[in-house]
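Structure first, commentary second.
Protein chains in written order, with my numbering: chain A, 1 to 362; chain B, 363 to 724.
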């Protein structure tokens, strides 16, 4: 695999991950773009003890353009896209409408607490787009295992690089898929958010893991995985290095967690064999999920990694894939109980979901 | 106001709140229904230290029926609905597809911990539907202030009654509005969930309030309200007993919090004058929200009350109304960052939202 970095016309970085070591790239973005200067902010919510992002310029972001105006397709002689190349394997670039960014000069703006409840600061971090294939009409589940392996190498590289940036606390690789999830571009792609704080779910999992470790001297994630393996009721797929299961208290109609058998903190810590098996088991799980209902599958695939600077031993890398699809033509919505109170109610039993996934014939 | 209770054909309770003290009700449900026996469960999620509801029978619930089959309209000679009456003012009844229920004999099923990670128990609690008007085509914002006052009296009555049930820990009155929020019935109605646990957001707010009180000996909610009143930047409406503001770290494009000036724990603790002003300020805020964008307003209106048995002095009653509408034809979706990591990014600045709401001419 060959990695090549360059800058887009407005100064944003673009990185090609080519499967052939012989790939040669001409790295000129011919567009006339003003310098990239957007600076989102984060605000502290004292009532919930959480940081919230504010990026009001995102209101103007590209929204479901027609295919012949897709900014993630390769450039052609007649049209320049975000990717100044005639084709690519996997390519990563800085998001033009970022929720977190390094700022034009990389400086950290000072926090300005005019009032203790009104704390805000620059949303220092980074948001990247990961294009999985140059084929506009493809999808992650249609990729070859070797292409998924290239995507994994891109995630590994970006996790390592973004973790080294000042102020980055949590690196989140994910894919939103389907217009029902709110995607604004249909070209097969994922995203990476490098947060300046440990994300709320990360904190919540680590609080639970810390309390469990304090009580038992054991790893919560290892013991949950072992319990699911012993039970078998909710197992979807097993490999040498990975096990996929529907969690006992799943929140979503279709939800699968994929755990590595070894206690690794993040994607860069995975060994070669683990990465290879991950490529095929990820595809197997996703294809099963897509085959359960006779309808499109909107989904979110989310990599939970250890935060960058704390709790490296406490956290365990795992993938969470979940869908709002609860049947053909039917979606689960987050209404009052979920959105306002955080109390989820699932319409499909996890054992039923696991059986449907095991029986699915992709 | 006159309150009249009865039982539906399957044993569920129905309660009429009539504005005229002279209202006379014939309390016979002529339908032939099997006894109500559904028992949802809750499961403990050890990885997030939260309870999750499981109600798989809800898959079959009524989904957007045509108007002439609406189960929340009054009954007629030719059609029997959930409300066996020819008209009503405000009526409350037990949900036919509940996420939490008392069970057929009211007994609490024993917890069955076959395995420490697989704890589940009966979802003992109650779910009720609150119909705001017999007029199918109306909406909360179109109600008169006196009708809203009747709705408030119904919420007060139900909060008091449900709080007295064994095992109920948190009573949540709310309205989901709009098909984009996932409502399954368009007739103007809200719901009440009586949870067997303090809801995750309740816990999170109280954890923050407890830490703040420990540090400062002061009330977090009182001090946040005072800071918003001093600043004025995000105030939407002020009354004698209530102030409405967009929170400094709002998560949603349009989000308004309505706080009482007195530190009351829940709706039953409101005095007469507070209830009367609430009727008009609630309508004022909601009508402003509906007037901001030239489009329908899907929204969730959520009453945060003190939990039933703990932290009664720490919590303060407040109303949170929020919409996913971020512009005409545009919705905010909860995608990867929000749904998988709990990290919200808002596309509209709270000060802009407050200005739009202040300038709105309903």
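We treat Cβ as the ideally placed atom computed from N, Cα and C, and that holds for glycine.
No experiment lies behind these values; they were computed from the predicted model shown.
Along the chain, where does the beta strand (DSSP E) containing residue i start, and where does it finish?
| i | result |
| --- | --- |
| residue 191 of chain A | 189 to 195 |
| residue 243 of chain A | 242 to 245 |
| residue 323 of chain A | 318 to 323 |
| residue 454 of chain B | 452 to 456 |
| residue 116 of chain A | Neither: residue 116 of chain A is in no beta strand (DSSP E) and is coded neither H nor E. |
| residue 53 of chain A | 50 to 54 |
| residue 237 of chain A | 235 to 238 |
| residue 492 of chain B | 488 to 493 |
| residue 257 of chain A | 254 to 260 |
| residue 122 of chain A | 120 to 122 |
In three-state terms, what does DSSP make of residue i?
| i | result |
| --- | --- |
| residue 649 of chain B | helix |
| residue 718 of chain B | helix |
| residue 5 of chain A | strand |
| residue 698 of chain B | helix |
| residue 156 of chain A | helix |
| residue 331 of chain A | strand |
| residue 216 of chain A | helix |
| residue 100 of chain A | coil |
| residue 436 of chain B | strand |
| residue 406 of chain B | strand |
| residue 469 of chain B | With a pLDDT of 45 at residue 469 of chain B, under the threshold of 50, the modelled position of this residue cannot be trusted, and the question is left open. |
| residue 425 of chain B | coil |
| residue 674 of chain B | coil |
| residue 223 of chain A | helix |
| residue 361 of chain A | coil |
| residue 83 of chain A | strand |
| residue 634 of chain B | helix |
| residue 533 of chain B | strand |
| residue 251 of chain A | coil |
| residue 25 of chain A | coil |
| residue 399 of chain B | coil |
| residue 688 of chain B | strand |
Within 10 angstroms of its Cβ, does residue i collect 16 or more other Cβ (buried), or is it exposed?
| i | result |
| --- | --- |
| residue 537 of chain B | buried |
| residue 332 of chain A | buried |
| residue 67 of chain A | exposed |
| residue 98 of chain A | buried |
| residue 57 of chain A | exposed |
| residue 576 of chain B | exposed |
| residue 115 of chain A | exposed |
| residue 125 of chain A | buried |
| residue 724 of chain B | exposed |
| residue 388 of chain B | exposed |
| residue 320 of chain A | buried |
| residue 69 of chain A | exposed |
| residue 28 of chain A | exposed |
| residue 526 of chain B | exposed |
| residue 699 of chain B | buried |
| residue 33 of chain A | exposed |
| residue 251 of chain A | buried |
| residue 64 of chain A | exposed |
| residue 84 of chain A | buried |
| residue 328 of chain A | exposed |
| residue 79 of chain A | exposed |
| residue 468 of chain B | Caution is warranted here: a pLDDT of 41 is assigned to residue 468 of chain B, below 50, making its placement in the model unreliable, and no coordinate value can be reported. |
Go to residue i, then tell me how far its alpha helix (DSSP H) extends in each direction, as first and last residue.
| i | result |
| --- | --- |
| residue 378 of chain B | Unbroken run through residue 378 of chain B is the beta strand (DSSP E), 375 to 380; no alpha helix (DSSP H). |
Whole-angstrom Cβ separation of residue i and residue j, contact assumed at under 8 Å?
| i | j | result |
| --- | --- | --- |
| residue 234 of chain A | residue 224 of chain A | With 8 Å as the limit, residue 234 of chain A and residue 224 of chain A do not qualify as a contact, their Cβ atoms being about 11 Å apart. |
| residue 281 of chain A | residue 237 of chain A | 6 Å |
| residue 503 of chain B | residue 652 of chain B | 6 Å |
| residue 370 of chain B | residue 455 of chain B | 7 Å |
| residue 692 of chain B | residue 519 of chain B | Incorrect: roughly 39 Å between the Cβ atoms, too far for contact. |
| residue 325 of chain A | residue 295 of chain A | 6 Å |
| residue 95 of chain A | residue 127 of chain A | 4 Å |
| residue 397 of chain B | residue 373 of chain B | 6 Å |
| residue 90 of chain A | residue 192 of chain A | That pair is no contact at about 12 Å. |
| residue 187 of chain A | residue 136 of chain A | 5 Å |
| residue 195 of chain A | residue 154 of chain A | The Cβ separation is near 19 Å, so there is no contact. |
Where DSSP assigns a beta bridge to residue i, which residues make up the other side?
| i | result |
| --- | --- |
| residue 176 of chain A | A:300 |
| residue 499 of chain B | DSSP output for residue 499 of chain B lists no bridge partner at all. |
| residue 183 of chain A | For residue 183 of chain A, which the question treats as bridged, DSSP gives no partner whatsoever. |
| residue 345 of chain A | B:415 |
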